[in-house]
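In the working numbering, the protein residues as written are 7 to 284.
All C-beta atoms in this analysis are idealised placements derived from N, C-alpha and C, irrespective of residue type, glycine included.
Because the structure is a prediction, the values reported are computed rather than measured.
Read the structure below first, then the notes.
See the structure below:
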């Protein structure tokens, strides 16, 4: 029998999806990056990327991977950029008001974390099996929503690590409830170092892979139905033919970092990255 949660879609929250057209290039200015396979050069926090144009668009957006900026193609602010740009600072950019730049840049990492939590909590509320935690999840979501609409001083004073810890407790409970429906013993790879692991056709249905390092792991044909993938590092992981139906807390950014093909089965609402094989 098919699980009632197996065909669920990701949260219908446009405000929690990046809208670069309504953002003042905050990810391109606020965050640092180091020269590596993900970035072609070093950039310090608070320094605009040299590819950021006057209209806050990326000058090499269509060539990011070719130009050595793969890291940009897998980053997701969960809508934090437009929240700061259009709500907190009411549509007035840091270029128009240079004195606001420091506050905007300092807010961005915290707002991004809060928006990510909102995404996961919204997902919990769509999981029927997680109904026992829906009331607490709704309360936490409402509290965080209020904080994201506060002024810069209040948001910067917030204890975001403590908020994350409280929400994580709810997410763990939701995960346990959803995965409990999967028959048999579920594998526990939470936080495991599985870099380069050979996991072809692995039976990982209902497994917990929370925070697992799956960089360059071979998950070709793996059964990842109802698996908890929150925070799993899927950079260059092979997902060809893998079944991710009903997987919990999987994000588009994780898929963008991985490699797959036309046979990879995804939850509704997540899209097949353009760089995946045919």
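* Which whole-angstrom value describes the C-beta separation of residue 273 and residue 240, a residue pair presumed to lie in contact below a C-beta threshold of 8 Å? -> Actually they are not in contact, since the Cβ atoms of residue 273 and residue 240 sit about 14 Å apart, beyond 8 Å.
* Can you list, in chain order, the residues of its chain whose CB lies under 8 Å from that of residue 140, leaving out five sequence neighbours each side? -> The answer, listed in chain order, is 130 and 131.
* To do: Quick one: grab the DSSP three-state call for residue 249.
  => In this structure, residue 249 counts as strand in the three-state DSSP scheme.
* Let me know the secondary structure DSSP gives residue 77 once reduced to three states. => Here residue 77 sits in helix by DSSP.
* Roughly how many whole angstroms lie between the Cα atoms of residue 225 and residue 243? -> Cα atoms of residue 225 and residue 243: separation of roughly 7 Å, rounded to the nearest angstrom.
* Asked: So, is residue 93 buried or exposed, given that buried needs 16 or more other C-beta atoms within 10 angstroms?
  -> Residue 93 should be labelled exposed.
* Within-9 Å CB hit, residue 65 to chain B -> The structure shown contains no chain B; it holds only a single protein chain.
* To do: Let me know the alpha helix (DSSP H) ranges lying completely inside the region 161 to 203, each 4 residues or longer, listed in chain order.
  => Complete alpha helix (DSSP H) runs here, min 4: 166 to 185.
* **Within the region 198 to 243, ranges of the beta strand (DSSP E) (whole runs, at least 3 residues)** => If we require 3 residues or more, the region 198 to 243 turns out to have no beta strand (DSSP E) run fully inside it.
* Asked: Does the separation of the CB atoms of residue 83 and residue 70 fall below 9 Å?
  -> The answer is no: Cβ separation not under 9 Å.
* Asked: Roughly how many angstroms lie between the CA atoms of residue 106 and residue 219, to the nearest whole one?
  -> C-alpha separation (whole angstroms): 38 Å.
* What are the residues that DSSP puts in a beta bridge with residue 265? -> DSSP lists 244 as the beta-bridge partner residues of residue 265.
* Given residue 57, which residues of its chain have a CB within under 6 Å of its CB, disregarding the five upstream and five downstream residues? -> The beta carbon of residue 57 is closer than 6 Å to those of 64, 65 and 66 in its chain, skipping five residues each way along the sequence.
* Would you kindly work out how many angstroms separate the C-alpha atoms of residue 10 and residue 134, rounded to a whole number? => Only weak support exists for where residue 10 lies, its pLDDT of 47 falling under 50; the coordinates are left without a value.
* Tell me whether residue 31 is buried or exposed, calling it buried when 16 or more other Cβ atoms sit within 10 Å of its Cβ. => Of the other Cβ atoms in all chains shown, 16 or more fall within 10 Å of the Cβ of residue 31; this residue is therefore buried.
* Return the first residue and the last residue of the alpha helix (DSSP H) that residue 257 is part of. => No alpha helix (DSSP H) contains residue 257, which DSSP labels as neither H nor E.
* Coarse secondary structure for residue 45, derived from DSSP in three states -> Coil, per DSSP.
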